[in-house]
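Scroll down for the structure; my scribbles are underneath it.
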Amino acid sequence: MATLSLTQCSLFLLLITLAASFFSPSSAQTKCNIKSVYQLGDSLADAGNVIRTPGATIIFHADRSPYGETFFRRPTGRFSNGRVITDFISQSFKLSFLNAYLDRGASFTQGVNFSVAGATALNTSFWTARNIRLPTWNTPLSNQLGIYPLGCLPLYLTTFPDNNTSVYDQLGCLRNFNDFASYHNRYVNRAMANLQREFPNVSIVYGDFYGAILTLIHRASFFGFNQNTLLSACCGTGG
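Counted the way mature numbering (1 follows the signal peptide of the UniProt record, and there is no 0) counts, the sequence shown spans residues -28 to -1, 1 to 211.
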């Protein structure tokens, strides 16, 4: 793979933000004339890499309906019923949707999406030493990425139910999982501060998944969601 040359006005984005409204793409495009985007991440940004990975087996079949039904009208490998956040950001920059890196017949002239569902931030050797088995296609990231409030996800709420009401916060989320996510993200911010000092001429954008999702939950009605079913999945994983 070719080496990236990072000039003063280049923007290498670690695109892990929940909503494009949390920053101004049009402003960034005006200042730096952004011509390409490179996405690293997991299922929140995967545009079809894991479904093209030989031997990969996943619980959630993003290559089948109802995935993709509201925008593409077909499954694309995105873990969404339509677009993922990277698609919205690319559109805001007036760029084409990023193609999955493993889509060999695709164009990468405006960037590429390296995200793979199930990817972890730590090397496989870390988990092996602790007798934790990972999928054979696991693709760890050398940089730590921010994570969302795990305790609010239907999958975790269903997998780890508890009759003790004290384990849940005022939103109905599992406290311990959210505390873990907050702990992780504090170290992410420290790591990104160090990275910024190492590359002072590069703009590194960190999107606060955790805060963004909690804002959505707090203001569910404002965003058009039903507060009574907010922590439940539409199908498959309960909540």
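Where a beta carbon is used, it is the ideal one built from N, C-alpha and C, also for glycine. Owing to the predicted nature of the structure, the values given are computational and were not obtained by experimental measurement.
Would you decide whether T42 is buried or exposed? Buried here means 16 or more other CB atoms lie within 10 Å of its CB.
Exposed, by the Cβ-count rule.
Taking the C-alpha atoms as reference points, what is the distance between D151 and F132?
Approximately 15 Å, taken between the alpha carbons.
Anyone know if the C-beta pair for I57 and A17 falls short of 8 Å?
In this structure, A17 lies closer than 8 Å to I57 by Cβ.
To the nearest angstrom, how far is the alpha carbon of C105 from that of C145?
Checking the sequence, you will find Arg at residue 105 rather than Cys. Rounded to the nearest whole angstrom, the CA to CA distance from R105 to C145 is 27 Å.
Just to confirm my understanding: we take N115, look at its own chain, exclude 5 residues before and 5 after, and list those with CB closer than 6 Å. What are they?
Its pLDDT being 40, under 50, N115 is placed unreliably in this model, and the coordinates cannot settle the point.
Quick one: what does DSSP say N161 is sitting in, helix, strand or coil?
Secondary structure of N161 (DSSP, three-state): helix.
Under 8 Å: do the region 199 to 206 and the region 124 to 139 share three or more Cβ pairs, one atom per stretch?
Segments in contact, yes.
Any beta carbon of chain D sitting closer than 8 Å to that of S62?
This model lacks chain D altogether, as it is built from one protein chain only.
Out of T201, D75, G118, state which residue places its alpha-carbon closest to the alpha-carbon of H156.
The alpha carbon of H156 has as its nearest neighbour, out of T201, D75, G118, the alpha carbon of G118.
Suppose contacts are defined by Cβ-Cβ distances below 8 Å. Is Y140 in contact with Y182 by that definition?
Against a cut-off of 8 Å, the Cβ pair of Y182 and Y140 comes out as no contact.
Would you list, in sequence order, the uninterrupted beta strand (DSSP E) runs of no fewer than 3 residues that lie entirely inside the region 1 to 87?
Runs of the beta strand (DSSP E) inside the region 1 to 87: 9 to 11, 83 to 85.
Anticipated Cβ contact below 8 Å, F69 with S79, distance rounded:
Here F69 is actually not in contact with S79; their C-beta atoms are around 11 Å apart, not less than 8 Å.
Assuming A184 is part of the alpha helix (DSSP H), what are its boundary residues?
Element bounds for A184: 181 to 190.
On the three-state DSSP scale, how would you describe L146?
Strand, per DSSP.
When DSSP labels each residue in this structure, what does Y140 get in the three-state scheme?
In the structure shown, Y140 sits in a strand (DSSP, three-state: E or B).
Opening and closing residue of the alpha helix (DSSP H) in which P172 lies
Neither: P172 is in no alpha helix (DSSP H) and is coded neither H nor E.
F197 classed as buried or exposed, judged by whether at least 16 other C-beta atoms fall within 10 angstroms
F197 should be labelled exposed.
In the structure shown, what three-state DSSP assignment does P126 receive?
Reduced to three states, the DSSP call for P126 is helix.
Is F51 near A28, with beta carbons less than 8 Å apart?
Against a cut-off of 8 Å, the Cβ pair of A28 and F51 comes out as no contact.
Using the rule of at least 16 other Cβ atoms within 10 Å of the residue's Cβ for burial, across every protein chain shown, is Y159 buried or exposed?
Counting every other CB atom within 10 Å of its CB across the protein chains shown gives Y159 a total below 16, marking it as exposed.
In whole angstroms, what is the alpha-carbon distance linking R147 and N5?
About 42 Å.
C-alpha gap between L143 and T81, whole angstroms:
Each residue's CA atom was taken as its position, placing L143 and T81 some 44 Å apart.
What residues in its chain sit with their C-beta under 7 Å from that of I189, if we drop five residues either side in the sequence?
Taken in chain order, the residues that qualify are C124, L143, L202.
Could you check which residue in G83, T48, R76, F44 has the C-alpha nearest to that of K7?
Answer by Cα proximity: G83.
Using 10 angstroms around the beta-carbon of S154, count the other beta-carbons present and answer buried if the total reaches 16, otherwise exposed.
Of the residues assessed, S154 falls on the exposed side of the cut-off, its CB having fewer than 16 other CB atoms within 10 angstroms.
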